[in-house]
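In my numbering, the protein residues as written are 33 to 214.
Note that beta-carbon positions come from the ideal geometry of N, C-alpha and C, so glycine has one too.
Please read these numbers as outputs of a predicted model, since none were measured by experiment.
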């Protein structure tokens, strides 16, 4: 029992660190930076399960909010007012959902993992875009219309994340049995 708790804590810490590192691997696109955070948050859910995946990504969000500069553009409580913070909220929820959808090792196929990843992608972008719109239009008073929101916060960024869905599915399919047998 103790060994399982230590393994769980170590894996949570690993994915918290990987998500932080992923924030600094950036491909410049306008408005919302494209990073590898999505890859590591999906892998957290897929490999650790819903609860532990969400805990690891939630810990990442918490550490960033208390001031560690581990978000794509810094850290601190003020980040709550940053329009892109909704994507971080989406990461936590998506890692939980994808993890819950793929927790059972029996019968897990690449197709099932991909479906979970695309649902996670929808959650991340849904939360991110709604938060972006609300913060810009009602909090910091820098209005953004629906078309620019869709263009900059979805169309320009989603192709890379679709590729990451496939990469995460392939990695999870191979790594999930290994982690289960540790």
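Asked, Found
"CB contact flag (residue 71, residue 199, <8 Å)", "yes"
"Alpha-carbon spacing of residue 207 relative to residue 213, whole angstroms", "10 Å"
"Straight-line Cα distance separating residue 164 from residue 182", "11 Å"
"CB contact flag (residue 159, residue 118, <8 Å)", "yes"
"C-alpha gap between residue 168 and residue 162, whole angstroms", "10 Å"
"Whole-Å CB distance - residue 129 paired with residue 82, under 8 Å assumed", "7 Å"
"Any beta strand (DSSP E) of 3 or more consecutive residues that is wholly inside the region 155-191", "none"
"Simplified DSSP state of residue 70, which is helix, strand or coil", "helix"
"Nearest neighbour of residue 193, chosen from 155, 79, 48 [CA to CA]", "155"
"Spatially closest choice to residue 95 from 48, 149, 138, 131, by CA coordinates", "48"
"Residue from 204, 80, 188, 190 with nearest C-alpha to residue 37", "80"
"Reference residue 74, options 60, 50, 59, closest by Cα", "50"
"Coarse secondary structure for residue 114, derived from DSSP in three states", "coil"
"Beta-bridge pairing of residue 198 - partner residues as DSSP gives them", "None; residue 198 has no bridge partner."
"Residue burial classification, residue 195 (beta-carbon count within 10 angstroms, cutoff 16)", "exposed"
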